[in-house]
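Student: So the protein lines, in turn, are chains A and S. The working numbering numbers the first residue of the first sequence as 461 and each following residue consecutively. The working numbering numbers the first residue of the second sequence as 891 and each following residue consecutively.
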Amino acid sequence: MERKLLFKNIDVPGIATYDVYRANGGYASAEKALKTMTPEAVVEEVKKSGLRGRGGAGFPTGMKWSFLARPEGVPRYLVCNADESEPGTFKDRYLMEHIPHLLIEGMLTSSYALGAKTSYIYVRGEFFYIIRILEKAIAEAYKNGWLGKNIQGTGFDHDIYVHPGAGAYICGEETALLESLEGKRGNPRIKPPFPAVKGLYDCPTVVNNVETIAAVVPIVNDGGEEYCKIGIGKSTGTKLISASGHIKKPGVYEIELGVPVEEFIYSDHFCGGMLTDRKLKAVVAGGSSVPILPADLILKTTNGEPRLMTYESLADGGFATGTMLGSGGFIVMDTSASVVYNLYTFTRFYHHESCGQCSPCREGTAWMEKILHKILDGHGTMTDIDLLWDIQRKIEGNTICPLGDAAAWPVASAIRHFRPEFEEFISKQAKQEVNHNNQHQPLAVTS
Amino acid sequence: MLFSDKTEALMRQIMRRYPEGRHKSALLPLLHIAQAESDGWLSVPVMDRVAEILSIQPIEVYEVATFYSMFQLKPVGKCLIEVCRTSSCWLRGANDIVAHIEQKLGIKNGETTPDGKFTLRTVECLGSCGTAPMLQIGEKYYEDLTFEKVDQILEENKNRDNHSTYLSKTTFQNHE
Ligand SMILES: Cc1cc2nc3c(=O)[nH]c(=O)nc-3n(C[C@H](O)[C@H](O)[C@H](O)COP(=O)(O)O)c2cc1C
Ligand code: SF4
Ligand code: FES
């Protein structure tokens, strides 16, 4: 019943190799685009498809592409964001590991549309084994005439390079990624100018997520109109969901946008229901940055309608009662999970990953981690809950990049929906073991 | 000589992936290689040599090396164990895994065993949340961990003759 576009052939033995990929219809989109379409026509199909960026923000891809500046004589770049570090998200890794040529083909077709002669895939450094897989696929693509000079006799030249990160979540933010790719610290840039005008090496640049670029392949093959027949309203096509936590079958699922959340959690072709007979308590639906929702609100909107896996339905009710699809990192918690402790892991994460440029984010995330640590240590007071609320409110909207908001929202939503749990923990002077954090780099270097 | 001729040649080859005048872009890959060549950590002389190769100031290397969590600025054990303990891994028992390793090795998170064989570190989400709990040693991911699996991993790594590092040099292939 579900239609698969990206993972249609993922179970074909040997699909990671060029020969098998090609024999199963691989590189057809590149062939079609380069031989029969103008670059503008490819952009038009992507616009028609309604595809929205799969990296988290959900910005329409066709529109982003049409913003790309095209001054004479200045190179343009496509940069693939494979930094995948949002807690709860592991779909891009799965795609690159199992069907790497889909990304290479998508890079080629997209680069043709954008007029980019060089593109980079920025892969998080911890995924070195994935880099090896991509390097191999790229070498095969060169060998078979899909990369390099005069590709398949069309006159189009293109080179793809893989670039490793080195452990920094912030480098997933597109301007931090570009800084990092230029060999600098991953400090996000102030926008504008946007990368579409001044990106990599001050040249016009498009940054897209792995899954977004892969989705260009079926869009060009079948046409944008066909793609947007899948899904509901402005949530078109399929989406990769990374499912983890207290469920029977964690993993990556390609869903048609519009599947009810309840079906996604409980049906056998997705998560397979709860891990044990403990009940569903809460879900973080789109990666650590999005608001956590309690069971009743994730399954149904406040109008009593079933919540669907779409950008709009998950956001229904705003932040008061809704959340976001984000990167599709779907973390499920049963009644044994402490929302307070979970929040501590997120807050520690944002503190660790803050680049430190803006004081609300740098100081605020550190302070929130400390307060949560103190609460878990059995020394919290009721006023700490209000203090947490106050700090997150002062971070949100006051920073250079959205990491500040991403650190604030989990705190706000945990208090909004689970305040009694914080109060109970504090009033009981309960204690939960916290592993002490020794991972900060020393400031001094040793010879 | 800090790096072999072969390694320096590889470094120069990677620099050619970036446009003329933009060779500083190669800094992260070069530091990864340098670290792999230098017992898994970056000393000041090693970083200075990388600066020389890239024709940039040493401070430009230090400021980057201190920013990214995969670069070690002090010596580490032969086997660097990195355990994820962010939400999804925590939900599936990561704290118990950390405690188990601490007990087995007799060290705390962040420490190195006196014989220099193991360093234990906790890290944030490694993009392996669906196969939690998990840990990384060098390039390798160990997933769906149990205490038995952890014991086996420790056993396998107790007599390593080289440092676990994130890459082997074959990772970078030549396209030219
Ligand atoms: C702190 C932070 C981390 C991010 N991490 C990622 C990431 O790991 N992968 C990704 O594709 N996008 C990430 N993004 C979103 C990117 O900034 C950017 O919106 C995205 O790569 C654009 O591609 P898309 O339009 O195809 O989604 C992150 C954003 C922020 C603010
Ligand atoms: S919000 Fe945080 S991560 Fe983003 S630029 Fe400011 S300090 Fe850096
Ligand atoms: S939370 Fe541990 S790998 Fe993602």
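Beta carbons are placed, not taken as given, at the ideal position from N, Cα and C, and that holds for glycine. Here the structure is a predicted model, which means the values were calculated and not measured.
#1: Return yes when at least one heavy atom of ligand 2 lies under 7 Å from the C-beta of L863/A, else no.
#2: Could you tell me whether any Cβ in chain A is nearer than 8 Å to the Cβ of K914/S?
#3: Quick one: residues in its chain with C-beta nearer than 6 Å to the C-beta of A601/A, no 5 flanking neighbours on either side, listed in chain order?
#4: Let me confirm a value: F730/A is counted as buried when at least 16 other C-beta atoms fall within 10 Å, else exposed. Which label applies?
#5: Going along chain S in order, which residues have a C-beta closer than 8 Å to the C-beta of N802/A?
#6: Spell out the partners DSSP gives L717/A in its beta bridges.
#7: What would DSSP say about T672/A, mapped onto helix, strand or coil?
#8: V800/A: which of L774/A, F779/A and K834/A sits nearest, CA to CA?
#9: Drop a sphere of 10 angstroms on the beta-carbon of A597/A, count the other beta-carbons inside from all chains shown, and report buried for 16 or more, exposed for fewer.
#10: Please decide whether Y1056/S counts as near chain A, where near means a Cβ-Cβ distance under 8 Å.
#11: In angstroms, rounded to a whole number, what distance separates the CA positions of Y771/A and L944/S?
#12: Less than 8 Å separating the beta-carbons of E546/A and G516/A?
#13: Please identify the residue among S526/A, G548/A and P520/A whose C-alpha is closest to the C-alpha of S787/A.
#14: Could you check whether G911/S and V966/S sit closer than 8 Å to each other, using their CB atoms as the reference points?
#15: Give me, in chain order, the residues of the same chain whose beta-carbon lies closer than 8 Å to that of G627/A; leave out the 5 immediate sequence neighbours on both sides.
#16: So which residues on chain A does H990/S lean against when the C-beta distance must stay under 9 Å?
#17: Is G632/A near ligand 1, judged by its Cβ being under 7 Å from some heavy atom?
#18: How big is the Cα-Cα spacing for L1044/S and P820/A?
#19: Quick check on the burial criterion: 16 or more other C-beta atoms within 10 angstroms. Buried or exposed for P949/S?
#20: Just checking S978/S against ligand 2 - is the residue's beta carbon closer than 7 Å to any of the ligand's heavy atoms?
#21: Could you confirm whether any beta carbon from chain A is found closer than 8 Å to the beta carbon of Q1063/S?
#22: Taking 8 Å as the threshold (beta carbon to beta carbon), is F1008/S in contact with chain A?
#23: A866/A: beta carbon under 7 Å from a heavy atom of ligand 1?
#24: Roughly how many angstroms lie between the CA atoms of T805/A and A742/A, to the nearest whole one?
#25: Any residues in the segment 474 to 485 of chain A with a beta carbon nearer than 7 Å to a beta carbon of chain S? Which ones, in chain order?
#26: Measure the CB-CB distance between E671/A and K492/A and report whether it falls below 8 Å.
#27: Just verifying my parser: in three-state terms, what is the DSSP assignment at T795/A?
#28: Between the Cα of E500/A and those of E884/A, A483/A, R530/A and S704/A, spot the shortest distance and give me the residue it belongs to.
#29: Is there a C-beta anywhere in chain A that falls below 8 Å from the one on L883/S?
#30: Taking all protein chains shown into account, decide if P870/A is buried (16 or more other Cβ within 10 angstroms of its Cβ) or exposed.
#31: Looking at the C-beta of C969/S, does it have a partner C-beta in chain A at a distance below 8 Å?
#32: Threshold first: 3 residues or longer. Then list the beta strand (DSSP E) segments lying entirely within the segment 930 to 989 of chain S, N to C.
#33: Measuring alpha carbon to alpha carbon, tell me which of D986/S, G1006/S and D938/S ends up nearest L1035/S.
#34: Alpha carbon to alpha carbon, what distance is there between A797/A and C1019/S?
#35: Taking a Cβ distance cut-off of 8 Å, strictly less, list which residues of the segment 709 to 722 of chain A are near chain S, in chain order.
#36: Could you tell me which whole beta strand (DSSP E) segments of length 3 or greater appear in the segment 697 to 746 of chain A?
Tutor: Here's the rundown:
#1: In the first sequence, counting from the first residue as 1, residue 863/A sits at position 403. Closer than 7 Å to some heavy atom of ligand 2: that describes the Cβ of L863/A.
#2: In the second sequence, residue 914/S corresponds to position 24, counting from 1. Yes - at least one Cβ of chain A is within 8 Å of the one on K914/S.
#3: Residue mapping note: residue 601/A aligns to position 141 of the first sequence, counting from 1. For A601/A, where only same-chain residues beyond five positions count, the Cβ hits under 6 Å are I564 and L607.
#4: Counting from 1 along the first sequence, the entry for residue 730/A is found at position 270. Flag for F730/A reads buried.
#5: The residue given as residue 802/A occupies position 342 in the first sequence. Here the neighbours are S977, W980 and L981.
#6: Along the first sequence, read from residue 1 onward, the residue named residue 717/A stands at position 257. Looking at the DSSP assignment, L717/A forms no beta bridge with any residue, so it has no partner.
#7: For the purposes of this step, residue 672/A is identified with residue 212 of the first sequence, where counting begins at 1. In the three-state reduction of the DSSP assignment, T672/A falls in the helix class, which pools H, G and I.
#8: The count along the first sequence starts at 1 and reaches residue 800/A at position 340. Residue K834/A holds the alpha-carbon nearest to the alpha-carbon of V800/A among L774/A, F779/A and K834/A.
#9: If you number the first sequence from 1, residue 597/A lands on position 137. Residue environment: A597/A is assigned as buried (16 or more neighbouring CB atoms within 10 Å of its CB, all protein chains considered).
#10: As a working mapping, residue 1056/S is identified with position 166 in the second sequence. Among the CB atoms of chain A, one or more fall inside 8 Å of the CB of Y1056/S.
#11: Against the first sequence, residue 771/A aligns to sequence position 311. Against the second sequence, residue 944/S aligns to sequence position 54. Computed Cα separation, rounded: 45 Å.
#12: The residue you call residue 546/A lines up with position 86 of the first sequence. The residue you call residue 516/A lines up with position 56 of the first sequence. Closer than 8 Å, so yes.
#13: The residue you call residue 787/A lines up with position 327 of the first sequence. The residue with the shortest Cα to Cα distance from S787/A is G548/A.
#14: The residue you call residue 966/S lines up with position 76 of the second sequence. The residue you call residue 911/S lines up with position 21 of the second sequence. Result no, Cβ atoms of V966/S and G911/S do not sit closer than 8 Å.
#15: Here the question's residue 627/A lines up with position 167 in the first sequence. Same-chain partners within the cutoff: R584, G585 and E586.
#16: Locating residue 990/S in the second sequence gives position 100, counting from the first residue. Ordered by position in chain A, no residue passes the 9 Å Cβ test against H990/S, which lies about 12 Å from the chain.
#17: In the first sequence, the residue the question calls residue 632/A occupies position 172. Answer for G632/A: yes, Cβ within range of ligand 1.
#18: On the second sequence, residue 1044/S is found 154 positions in, with the first residue counted as 1. On the first sequence, residue 820/A is found 360 positions in, with the first residue counted as 1. The C-alpha of L1044/S lies about 42 Å from the C-alpha of P820/A.
#19: The residue you call residue 949/S lines up with position 59 of the second sequence. One detail in the question is off: residue 949/S reads as Ile in this sequence, not Pro. I949/S should be labelled exposed.
#20: Translated into the one-based positions of the second sequence, residue 978/S becomes position 88. For S978/S, the shortest separation between its Cβ and any heavy atom of ligand 2 does not lie below 7 Å.
#21: Walking along the second sequence from the start, residue 1063/S turns up at place 173. Bear in mind that the predicted position of Q1063/S carries a pLDDT of just 48, short of 50, making it unreliable; the figure below should be weighed with that in mind. Judged by the 8 Å Cβ criterion, Q1063/S is in contact with chain A.
#22: Stepping through the second sequence from its first residue, residue 1008/S is reached at position 118. False, the Cβ-Cβ gap to chain A never drops below 8 Å.
#23: Residue 866/A sits at position 406 when you count from the first residue of the first sequence. Relative to ligand 1, the beta carbon of A866/A is positioned inside 7 Å of a heavy atom.
#24: Working through the first sequence from its first residue, we reach residue 805/A at position 345. Working through the first sequence from its first residue, we reach residue 742/A at position 282. Taking the straight line joining both Cα atoms gives about 15 Å.
#25: Those would be none; no residue qualifies.
#26: Within the first sequence, the letter at position 211 stands for residue 671/A. Within the first sequence, the letter at position 32 stands for residue 492/A. The Cβ-Cβ distance between E671/A and K492/A does not fall below 8 Å.
#27: The sequence position of residue 795/A within the first sequence is 335, counting from 1. Coil, per DSSP.
#28: Here residue 500/A refers to the residue found at position 40 of the first sequence. Cα-wise, what sits closest to E500/A is R530/A.
#29: Outside the displayed span of chain S (891 to 1066) sits residue 883/S, for which this structure offers no information.
#30: For the purposes of this step, residue 870/A is taken as the residue at position 410 of the first sequence. P870/A should be labelled buried.
#31: For the purposes of this step, residue 969/S is identified with residue 79 of the second sequence, where counting begins at 1. So, not an interface residue.
#32: Runs found: 969 to 974.
#33: Residue numbering aside, residue 1035/S sits at position 145 when the second sequence is read from its first letter. Checking every option, the nearest Cα to that of L1035/S belongs to D986/S.
#34: For the purposes of this step, residue 1019/S is taken as residue 129 along the second sequence, with counting starting at 1. For the purposes of this step, residue 797/A is taken as residue 337 along the first sequence, with counting starting at 1. For C1019/S and A797/A, the distance between alpha carbons rounds to 16 Å.
#35: Within the segment 709 to 722 of chain A, P710, G711 and V712 place their CB atoms closer than 8 Å to a CB of chain S, listed in sequence order.
#36: Fully enclosed beta strand (DSSP E) runs of 3 or longer: 698 to 705, 711 to 716 and 740 to 744.
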